[in-house]
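Residue numbers (the numbering used here): 11 to 357. For every residue, glycine included, the Cβ atom is placed at its ideal position computed from N, Cα and C. Note that this is a predicted model, so its numbers are computed, not measured.
Laid out in structure tokens, this is it:
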């Protein structure tokens, strides 16, 4: 590590359009921070509400979700989105000055942005793994894995921004957190550190989210079905249609079952109701069908997450990868990437 004197760099944004672009990035970041903070306040209010008050069904479900492992991961993701939006909101300072310069404000923006950007990718990956484990593998993780992942994740998020300026900063490369186009982050000279500190995590989040959520969707769309031993089998369209027809016939036979003998008789078309209430096989099939429909809807909804995350992240990744390749993207492309990236909390 080198401890020579560093000379701060400065970049001017004197034209009205450039200052307006910086303000636009800040506005999107501020809106993202406000939306995520409002959601976090709502979650905290439901979690800390008095138990003496009789909660509604929705409130009870929300409270149970908050104190679950997936709830802890989601709260961590929202808090990182809040930090990310706050970092972009600091662009109001640069827009007011009409320039960006390395120093205290730039370092603060870089540190907060690093924690928020990396945290969004890290917790998205954790949520994808956890959702895949629950819905696809139908297993529950060990209780000790939740606090370990939670503590390990936040240790990584806090530790990396500290070791950057203290252990990896070199005078020949300039400030570790410096000017990077339209906001402050890891300096352009620290190419390897950029990959290790963020890019690898972003592509890991994109890959795992797309693969795992696609498998979950295929599972609940009956394209992948488990047998009695738990092994998964791929169903082609013809076999899938045959199974649906076979299931429909089974439901028809269940409705036409005789209540006196309790044995399925295909010759009967109608069943006479008994005086004693009981759960019929038809009701069981209907409950299973409604559950599968709800799970299928959930699977369709979570499939949108990797798509939205890719739309938000890819523009800034293109800019950063272009810098690594030696091409300097225009300022307008940085502004567009910043607006997309800063709106992650709103999505």
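Starting from residue i, follow its DSSP beta bridges and name the residues at the other end.
{"i": "residue 243", "result": "235"}
{"i": "residue 189", "result": "194"}
{"i": "residue 109", "result": "22"}
What three-state label does DSSP hand residue i in the structure shown?
{"i": "residue 21", "result": "strand"}
{"i": "residue 77", "result": "coil"}
{"i": "residue 180", "result": "strand"}
{"i": "residue 148", "result": "coil"}
{"i": "residue 316", "result": "helix"}
{"i": "residue 49", "result": "helix"}
{"i": "residue 36", "result": "helix"}
{"i": "residue 8", "result": "In the structure as shown, the chain begins at 11 and stops at 357. Residue 8 is therefore absent and cannot be evaluated."}
Might you give, ordered along the chain, the residues of its own chain that have their beta carbon closer than 7 Å to the beta carbon of residue i, omitting 5 neighbours on each side?
{"i": "residue 143", "result": "149, 151"}
{"i": "residue 173", "result": "none"}
{"i": "residue 286", "result": "Unreliable placement is indicated for residue 286, whose pLDDT of 42 sits below 50; the coordinate value is still reported in the next sentence. Here the set comprises nothing."}
{"i": "residue 159", "result": "136"}
{"i": "residue 316", "result": "216, 219, 220, 223"}
{"i": "residue 99", "result": "36, 39, 40, 43"}
Out of the options, which one is the CA nearest neighbour of residue i?
{"i": "residue 104", "options": "94, 25, 172", "result": "25"}
{"i": "residue 195", "options": "170, 222, 135", "result": "170"}
{"i": "residue 164", "options": "174, 83, 225, 180", "result": "83"}
{"i": "residue 329", "options": "346, 319, 315", "result": "346"}
{"i": "residue 349", "options": "19, 32, 187, 18", "result": "32"}
{"i": "residue 115", "options": "90, 49, 97, 46", "result": "97"}
{"i": "residue 47", "options": "19, 87, 23", "result": "87"}
{"i": "residue 352", "options": "30, 23, 35", "result": "35"}
{"i": "residue 206", "options": "128, 141, 157", "result": "128"}
{"i": "residue 225", "options": "18, 139, 81, 176", "result": "139"}
{"i": "residue 50", "options": "85, 182, 183", "result": "85"}
Should residue i go down as buried or exposed, given a rule of 16 or more other Cβ atoms within 10 Å for buried?
{"i": "residue 110", "result": "buried"}
{"i": "residue 204", "result": "buried"}
{"i": "residue 212", "result": "buried"}
{"i": "residue 336", "result": "exposed"}
{"i": "residue 193", "result": "buried"}
{"i": "residue 342", "result": "exposed"}
{"i": "residue 168", "result": "exposed"}
{"i": "residue 366", "result": "The requested residue 366 is not part of the displayed model; the chain covers only 11 to 357."}
{"i": "residue 141", "result": "buried"}
{"i": "residue 18", "result": "exposed"}
{"i": "residue 74", "result": "exposed"}
Which residues in the same chain have their Cβ closer than 8 Å to the Cβ of residue i, if we skip the five residues on either side of it in sequence?
{"i": "residue 21", "result": "109, 110, 111, 189"}
{"i": "residue 77", "result": "57"}
{"i": "residue 126", "result": "90, 91, 92, 93, 94, 95, 96, 97"}
Note down, in chain order, each residue of its chain lying with its Cβ closer than 6 Å to the Cβ of residue i, except the 5 sequence neighbours on either side.
{"i": "residue 229", "result": "146"}
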